[in-house]
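A.B. asks: I have a structure here, written as structure tokens, and I will follow up with some questions on it.
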Amino acid sequence: MFLLAEKAVVCLLSILLVAPLSAPLFRFEKTLPNTPPEGSPLWQLCALSVGPDSALYAADERGGRILKFSLSGETLAERSGNSPGSDRFFRPTGLVRRRGFSFYVCDSDRRRLLQLDDKLALLSVFSFETQGADPLFSPQGGCSDPSGTLYLFDATDNRIIRLDQTGRITPFPREAGRLSGRMTALAFWQGRLVMNDDRTGLLFTLDRFGNYRRPFTDSCFVPHGGMALFNDSLLCLSDVGQGRIRLVFPDNRIQYITPPDSLGPFSPGALTAGYDRIWGVDARTQRIMVFVLTPESP
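Read in order, the letters of the sequence shown correspond to residues 216 to 513 in this note's numbering.
Spelled out as structure tokens, the structure:
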């Protein structure tokens with residue numbers, strides 16, 4: 216039943232992608248609770264990911280933990296860090312889901328990737344200090360292409376590496392990450408990588424080997440974790456400068472979505488998308504906001 220519903224969403228989206236944008240594609244649905252039932256606060260949500268079980272995963276950077284939520288916001292599981300041990304993470308800064316597989320936690324302070332299953336059980340640990348060609352590489356976020364290859368970035372000096380499924384690391388050319396400011400987000404969209412410059416607000420595209428770079432759309436100040444893909448078709452961007460989420464279509468049409476004014480100023484942060492909805496963190500309040508696809512859109 217769930218598979219049929221997902222196929223229906225894909226069919227609807229394929230129609231909407233070529234239709235005139237006379238109505239919003241998404242509407243605000245609700246906010247999820249900003250604290251788990253046990254009352255411990257979510258201090259700094261820096262990354263979101265949605266799993267094949269339609270559950271929502273969040274990285275709490277300041278609290279050093281990963282949380283799993285139901286669609287209604289109920290806390291289903293939690294994995295904590297901030298303690299010694301090879302299976303712990305000190306400061307999770309990013310979540311990267313390998314397509315068709317489980318997901319990875321970027322433990323930037325310890326220069327590692329921790330692979331977790333959808334129940335938050337540890338599957339493997341990849342250390343750049345001992346296994347990587349660059350022992351100083353500190354992964355802070357990234358993305359995956361359809362083949363399952365991971366692209367990770369280190370915002371301290373804007374380095375990008377490609378990590379394939381065998382564990383082989385290929386560094387990108389240094390020129391690929393030569394920006395005025397810092398790179399804070401990375402996405403693989405329409406066969407290319409999209410990255411940002413947090414100083415100028417400019418977006419750039421690369422091929423999957425980092426061989427070329429060119430400006431992409433107009434400026435958009437994207438915070439850490441503020442890029443996501445909706446059904447591999449729409450690029451979703453947190454435009455923190457304008458207080459809205461920007462949707463970019465394959466033909467470069469643009470639409471914006473915002474929550475109701477009654478919720479106060481919106482400071483979009485981490486994003487994820489899947490099935491029929493987009494989740495976005497309001498960095499000001501740490502609330503997770505939910506936007507759903509509108510079937511009545513033309």
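Where is the CB? At the ideal position from N, CA and C, for every residue including glycine.
1) Using the DSSP secondary-structure output, state which residues sit across from C321 in a beta bridge.
2) Would you check if the distance between the CB atom of V496 and the CB atom of L263 is smaller than 8 Å?
3) Could you check if S359 is buried or exposed, using at least 16 other CB atoms within 10 Å of its CB as the buried criterion?
4) Roughly how far, in whole angstroms, is the beta-carbon of N373 from the beta-carbon of G356, given that I think they are within contact range, below 8 Å?
5) If you pair each beta-carbon of the stretch 411-418 with each one of the stretch 429-442, do three or more pairs fall below 8 Å?
6) Which word fits L219, buried or exposed, when buried means at least 16 other C-beta atoms lie within 10 angstroms of its C-beta?
7) Whole beta strand (DSSP E) runs in the stretch 372-397 with 3 or more residues, listed along the chain?
8) In the DSSP assignment, the beta strand (DSSP E) including Y366 goes from what residue to what residue?
9) Drop a sphere of 10 angstroms on the beta-carbon of I230, count the other beta-carbons inside from all chains shown, and report buried for 16 or more, exposed for fewer.
10) Use the C-beta contact count for P252: other C-beta atoms within 10 angstroms, 16 or more gives buried, fewer gives exposed.
11) Using the rule of at least 16 other Cβ atoms within 10 Å of the residue's Cβ for burial, across every protein chain shown, is L365 buried or exposed?
12) Have a look at R428 and D422 and give me their C-alpha separation to the nearest angstrom.
13) Which residue wins for smallest C-alpha separation from G479, given the options P248, L408, T345, R459?
14) Does the distance from the C-beta atom of L450 to that of A402 stay below 8 Å?
15) Quick one: what does DSSP say D275 is sitting in, helix, strand or coil?
C.D. replies: In short:
1) Your numbering for residue 321 matches position 106 in the sequence shown. Answer is G309, L328, bridged to C321.
2) Residue mapping note: residue 496 aligns to position 281 of the sequence shown, counting from 1. Residue mapping note: residue 263 aligns to position 48 of the sequence shown, counting from 1. Contact: yes.
3) Counting from one through the sequence shown, the residue named residue 359 turns up at place 144. S359 comes out buried.
4) Here the question's residue 373 lines up with position 158 in the sequence shown. Here the question's residue 356 lines up with position 141 in the sequence shown. In fact, because the Cβ distance is near 12 Å, the residues do not count as touching under 8 Å.
5) yes
6) For the purposes of this step, residue 219 is taken as residue 4 along the sequence shown, with counting starting at 1. Residue confidence is low: L219 scores 46 on pLDDT, short of 50, so the model does not pin down where it sits. No coordinate-derived value is stated.
7) 374-378, 384-386
8) Position 151 of the sequence shown, counted from the start, is the residue given in the question as residue 366. Start and end: 365-369.
9) Indexing the sequence shown from 1 puts residue 230 at position 15. With a pLDDT of only 44 at I230, under 50, the local geometry of the prediction cannot be trusted, and the value read off the model is given with reservation. With fewer than 16 Cβ atoms within 10 Å of its Cβ, I230 is classed as exposed.
10) Looking up residue 252 in the sequence shown gives position 37. At P252 the pLDDT is 47, less than 50, meaning the model places this residue with poor confidence and gives no usable figure here.
11) As a position in the sequence shown, residue 365 is number 150, starting the count at 1. Buried.
12) Against the sequence shown, residue 428 aligns to sequence position 213. Against the sequence shown, residue 422 aligns to sequence position 207. If I take the Cα positions, the gap works out to 8 Å.
13) By 1-based counting over the sequence shown, the position of residue 479 is 264. Nearest of P248, L408, T345, R459 to G479, Cα basis: R459.
14) Within the sequence shown, residue 450 is the residue found at index 235, counting from 1. Within the sequence shown, residue 402 is the residue found at index 187, counting from 1. Contact: yes.
15) Within the sequence shown, residue 275 is the residue found at index 60, counting from 1. Three-state DSSP puts D275 in a strand.
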